[in-house]
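In my numbering, the protein residues as written are 16 to 187.
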Amino acid sequence: MWLGKAMKPCQAPAPSPAKRTLLSRRSRPPFFVPVKLRARKDGWSARVQCAFLAQLYATGSVSAAARSVGKSRESAYRLKSRAGAESFASAWDRVLAGPTRPGEHRPRHREIADWRKVTLEQLEWRIETGFWRPVLYRGKQISIVRKPDNSALFRLLRRIDAQADKAEARRS
């Protein structure tokens, strides 16, 4: 970013040592699958979920993170406990749990649902949305990285192949 006529680069101030130690106690938000919700202007969209995780990383407070994205603490906890929010809840828990040391194994705070029992609707949602992760710089979210969920795509292809094989066996 450039300011004024002198065209000098604008640099964000470095975080204070106290803030740096607080940030080092938390893990950066991992990739997660956003919770599928109906589209609402004031709802928990995938972008709002990303911003919430970024603010949770920066502040360490659920209340402050929810307030910064214009939501209540209670609605954040309701979102976390919804069916289909396992990935979001796991990312939330991982941000607050902090980084692991080399050679240390992190216990799983929340078991992910059995991925073998995924409906076609859920698979299509995971293929459409993919994985999301907020990109942070100096404790602030600057963008969102998305990557495809290839495992969901391959699972859907396997199901289609199995159905084709069953149809072919019935014709024979």
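Using N, Cα and C, we set each Cβ at its ideal position, and we do this for glycine too.
Since this is a predicted model, take the numbers as computed values, not measurements.
Beta-carbon spacing of R88, A81 below 7 Å: Position 73 of the sequence shown, counted from the first residue, corresponds to residue 88. Position 66 of the sequence shown, counted from the first residue, corresponds to residue 81. Taking 7 Å as the Cβ cut-off, R88 and A81 qualify as a contacting pair.
Let me check understanding here. Comparing Cα to Cα, which of Q70, R53, A61, Q64 lies closest to Y152? As a working note, residue 152 is residue 137 in the sequence shown. Closest by alpha carbon: Q70.
What's the C-alpha gap between R141 and A167? Counting from 1 along the sequence shown, the entry for residue 141 is found at position 126. Counting from 1 along the sequence shown, the entry for residue 167 is found at position 152. Distance between the alpha carbons of R141 and A167 is about 6 Å.
Check each candidate in F169, T74, Q64 and name the one with the smallest Cα separation from Y92. By 1-based counting over the sequence shown, the position of residue 92 is 77. Checking every option, the nearest Cα to that of Y92 belongs to Q64.
Separation of R174 from L94, as counted between CA atoms: Numbered from its first residue, the sequence shown carries residue 94 at position 79. Numbered from its first residue, the sequence shown carries residue 174 at position 159. Between L94 and R174, the C-alpha separation is close to 30 Å.
Looking at the unbroken beta strand (DSSP E) that takes in K155, where does it start and where does it end? Counted from its first residue, the sequence shown places residue 155 at position 140. That run of the beta strand (DSSP E) goes 155–162.
Can you grab the Cα-Cα spacing for the pair R97 / L68, in whole Å? Within the sequence shown, residue 97 is the residue found at index 82, counting from 1. Within the sequence shown, residue 68 is the residue found at index 53, counting from 1. When rounded, the distance between both Cα atoms is 16 Å.
I'd like the span of the alpha helix (DSSP H) that includes R174, first residue to last. The count along the sequence shown starts at 1 and reaches residue 174 at position 159. Here the alpha helix (DSSP H) through R174 covers 165–186.
Measuring CA to CA, which of V110, E136, K162, A104 is closest to S76? Taking the first residue of the sequence shown as position 1, residue 76 is located at position 61. Comparing Cα positions, the closest option is V110.
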